[in-house]
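*Asks:*
Numbering (my numbering), first residue to last: 87 to 651.
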């Protein structure tokens, strides 16, 4: 069960707010479906007209007050309502009309409030006044009488009912507030309960809460499809590729930069992307120039050959049974510097092969030939292959997947590896979701190639003196690049001042001007010497800018051999 935290509440808040808005909208819609009702109230005052002394008046007032409840019941009786129905020609029965009438008698008073509800404000006022009039007549007719024959109880109408300007129901504002509050609590509570009961791993915090193993890095979700798994080869400037480079940096500290090193990549259950992580991890480790061997040791459901798009008919199985040598079974993964040993034919006894002495000898021989060996193996909870192979290796990288790996499976996996004495280098969260960061947009673009630029992987041969001169004086508006360095020496081209073994002095300069270099430009003297003039160049032979200036782009000026010997 997930722990309730402030971050969890922040994630729930949008859902709760949406539930509140939805509840308010539903309440508004329901309010519009309800027929509006209007109320009108008439007020009666009761008095006892008996006696002239103060004692008689006090006794009369007490008597009238005690009879107010009885008078109130008389309002909704058939004696009064039948007369009202006949008087107003209402299509109602006395029982139906009684449901629209309410009577209130404030305590300690002789005042009666008669309130009538109706869909029409005018009709409600007429009925209220009619009931008040019939109530007055009914009370005076049944009350005790004086010797003169007059009623001892007098009823006066002190306030007539008037048509209401606004409906008292439905109260749309109140209903929307109540609906919004109910929706907020209901949806927020449901989402909170779901998150508390959700056992899926969603972030590095979840990994740290389940296990104290080091967190090596998070990898964004990789698109599925043919050839899409090799992100480091197909899109080395993408954000996912940067995630793998960060993983490489963290793994270097986890392994203490040990060389050679044998890494086992596995996961708790299947479908968490361990093979994809293994392929790209091997590729990013080879970026530093070291030889890397990738072994597909998942002899039950091999995926490396499919994802890497290499031939998988010959591989690890053939080497372990002695039908092939390691050198004959491996194959390069393009020009990435990674050598792949696929799983080969699926054997009937994969566990015995992986736990055999032949597997130990293979890993020992591979570690002597390759500084880094990456082994992709079966999930930990499925079979015991990962534990057996890791005992022969230096450690294991455990891959988890966002919203797939559960805390229960991860706890069982780590406990099983710990009981087997396996060294866990750390955990990787695959398919992680990361927010938008404007600082990361730098890595989202692919550098454009200008016309005439050489591809990144092409290394041209050293240029001759004539080629240099032609390039310098070329009238083309497009940028021209000439390499003076043989293969492997391109990294030295950025140096501003470089002395070569043969005594040649090399200077590289760039300018933004639109014309030819003038007399103040030290590179002007290189033009005459670059075309192979027989006369030595000097101050009198310096090139002069006598012709019309021609527009130029940025070019590289090269001063080749200034002196021989």
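Positions of the beta carbon are idealized from the N, C-alpha and C atoms, including for glycine.
Compute the Euclidean distance between the alpha carbons of residue 111 and residue 273, then round it to the nearest angstrom.
*Replies:* Here residue 111 is taken as the residue at index 25 of the chain shown, counted from 1. Here residue 273 is taken as the residue at index 187 of the chain shown, counted from 1. Cα to Cα, residue 111 sits roughly 14 angstroms from residue 273.
*Asks:* Of the residues 226, 354, 400, which one's Cα is nearest the Cα of residue 503?
*Replies:* By one-based count along the chain shown, residue 503 stands at place 417. Here the closest residue by C-alpha is 354.
*Asks:* Give the C-beta separation of residue 655 and residue 482 to the nearest angstrom, bearing in mind that I take them to be a contact with Cβ-Cβ under 8 angstroms.
*Replies:* Shown here, the chain extends from 87 to 651; a query on residue 655 therefore has no answer.
*Asks:* If we ignore side chains and look at the alpha-carbon of each, how far apart do residue 333 and residue 469 end up?
*Replies:* Residue 333 sits at position 247 when you count from the first residue of the chain shown. Residue 469 sits at position 383 when you count from the first residue of the chain shown. Residue 333 and residue 469: Cα-Cα distance of roughly 26 angstroms.
*Asks:* Can you tell me which of 377, 288, 443, 410 puts its alpha carbon nearest to the alpha carbon of residue 94?
*Replies:* For the purposes of this step, residue 94 is taken as the residue at position 8 of the chain shown. The residue with the shortest Cα to Cα distance from residue 94 is 288.
*Asks:* On the CB-based measure, 16 or more other CB atoms within 10 Å of its CB, does residue 228 come out buried or exposed?
*Replies:* Translated into positions along the chain shown, residue 228 becomes position 142. Its Cβ having fewer than 16 others within 10 Å, residue 228 is exposed.
*Asks:* Which residue from 181, 162, 200, 184 puts its Cα closest to that of residue 190?
*Replies:* Position 104 of the chain shown, counting from 1, holds the residue named residue 190. The option with the nearest alpha carbon to residue 190 is 200.
*Asks:* Contact defined as beta carbons within less than 8 angstroms: I believe residue 211 pairs with residue 126. What is the distance between those atoms, to the nearest angstrom?
*Replies:* Along the chain shown, one-based indexing puts residue 211 at 125. Along the chain shown, one-based indexing puts residue 126 at 40. At roughly 4 angstroms, the Cβ-Cβ gap stays under 8 angstroms, so residue 211 and residue 126 are in contact.
*Asks:* How many angstroms separate the CA atom of residue 406 from the CA atom of residue 426?
*Replies:* For the purposes of this step, residue 406 is identified with residue 320 of the chain shown, where counting begins at 1. For the purposes of this step, residue 426 is identified with residue 340 of the chain shown, where counting begins at 1. Whole-angstrom Cα-Cα distance: 15 angstroms.
*Asks:* Around the C-beta of residue 398, are 16 or more other C-beta atoms found within 10 angstroms, so that it is buried, or is it exposed?
*Replies:* Here residue 398 corresponds to residue number 312 of the chain shown, with the count starting at 1. Residue 398 is buried by the Cβ-count criterion.
*Asks:* Nearest-angstrom Cα distance between residue 530 and residue 441?
*Replies:* Along the chain shown, read from residue 1 onward, the residue named residue 530 stands at position 444. Along the chain shown, read from residue 1 onward, the residue named residue 441 stands at position 355. Confidence is the limiting factor: at residue 530 the pLDDT is only 49, short of 50, which leaves the residue's position unreliable, though a coordinate-based value still follows. One C-alpha to the other measures close to 44 angstroms.
*Asks:* Is residue 115 helix, strand or coil by DSSP?
*Replies:* As a working note, residue 115 is residue 29 in the chain shown. Residue 115: helix per DSSP, three-state reduction.
*Asks:* Could you pull the start and end residues of the alpha helix (DSSP H) that residue 408 belongs to?
*Replies:* The sequence position of residue 408 within the chain shown is 322, counting from 1. Run containing residue 408: none; DSSP gives neither H nor E here.
*Asks:* Between which two residues does the alpha helix (DSSP H) carrying residue 328 extend?
*Replies:* On the chain shown, residue 328 is found 242 positions in, with the first residue counted as 1. Taken as a continuous stretch (DSSP letters only), the alpha helix (DSSP H) holding residue 328 covers 325-340.
*Asks:* Are the CB atoms of residue 131 and residue 252 within a distance shorter than 9 angstroms?
*Replies:* The residue you call residue 252 lines up with position 166 of the chain shown. The residue you call residue 131 lines up with position 45 of the chain shown. Not in contact: residue 252 and residue 131 (Cβ atoms no closer than 9 angstroms).
*Asks:* Which value, in whole angstroms, describes the spacing of the CA atoms of residue 100 and residue 517?
*Replies:* Position 14 of the chain shown, counted from the start, is the residue given in the question as residue 100. Position 431 of the chain shown, counted from the start, is the residue given in the question as residue 517. Whole-angstrom Cα-Cα distance: 23 angstroms.
*Asks:* Alpha carbon to alpha carbon, how far is residue 404 from residue 413? Give it in angstroms, no decimals.
*Replies:* On the chain shown, residue 413 is found 327 positions in, with the first residue counted as 1. On the chain shown, residue 404 is found 318 positions in, with the first residue counted as 1. Spanning the two alpha carbons is a distance of roughly 12 angstroms.
*Asks:* What is the C-beta distance between residue 424 and residue 350, in whole angstroms, given that I count them as a contact (C-beta under 8 angstroms)?
*Replies:* The residue given as residue 424 occupies position 338 in the chain shown. The residue given as residue 350 occupies position 264 in the chain shown. Wrong, their Cβ atoms sit about 17 angstroms apart, outside the cutoff.
*Asks:* Mind checking residue 156: buried by the 16 CB within 10 Å criterion, or exposed?
*Replies:* Residue mapping note: residue 156 aligns to position 70 of the chain shown, counting from 1. Classification for residue 156: exposed.
*Asks:* Who are the near neighbours of residue 410 in its chain, counting only those whose CB is closer than 7 angstroms to its CB and skipping five residues on each side?
*Replies:* The count along the chain shown starts at 1 and reaches residue 410 at position 324. Excluding sequence neighbours, residue 410 sits near 400, 404.
*Asks:* For residue 283, count the other beta carbons within 10 Å of its own beta carbon; 16 or more makes it buried, fewer makes it exposed. Which is it?
*Replies:* On the chain shown, position 197 is the one that residue 283 refers to. Classification of residue 283: exposed, given that the 10 Å Cβ count is below 16.
*Asks:* Assuming residue 480 and residue 381 make a contact with CB atoms under 8 angstroms, what is their CB distance in whole Å?
*Replies:* Counted from its first residue, the chain shown places residue 480 at position 394. Counted from its first residue, the chain shown places residue 381 at position 295. Not confirmed; about 14 angstroms, so no contact.
*Asks:* When DSSP labels each residue in this structure, what does residue 252 get in the three-state scheme?
*Replies:* Mapped onto the chain shown, residue 252 falls at position 166. Correct three-state label for residue 252: coil.
*Asks:* Counting only runs that start and end within the region 158-186, where is the alpha helix (DSSP H) found for 4 or more residues in a row?
*Replies:* Those alpha helix (DSSP H) runs which fall completely within the region 158-186 and span 4+ residues are 164-174, 180-184.
*Asks:* So, with DSSP's three-state summary, where would you put residue 514?
*Replies:* Counting from one through the chain shown, the residue named residue 514 turns up at place 428. Looking at residue 514 - three-state DSSP - the assignment turns out to be strand.
*Asks:* Looking only at C-alpha atoms, which of 364, 198, 316 sits nearest to residue 154?
*Replies:* Sequence index remark: in the chain shown, residue 154 carries index 68 (1-based). When only C-alpha atoms are compared, the closest one is 198.
*Asks:* Considering residue 489, what are the terminal residues of the beta strand (DSSP E) in which it resides?
*Replies:* Stepping through the chain shown from its first residue, residue 489 is reached at position 403. Looking at the DSSP string, residue 489 is not in any beta strand (DSSP E), and its letter there is neither H nor E.
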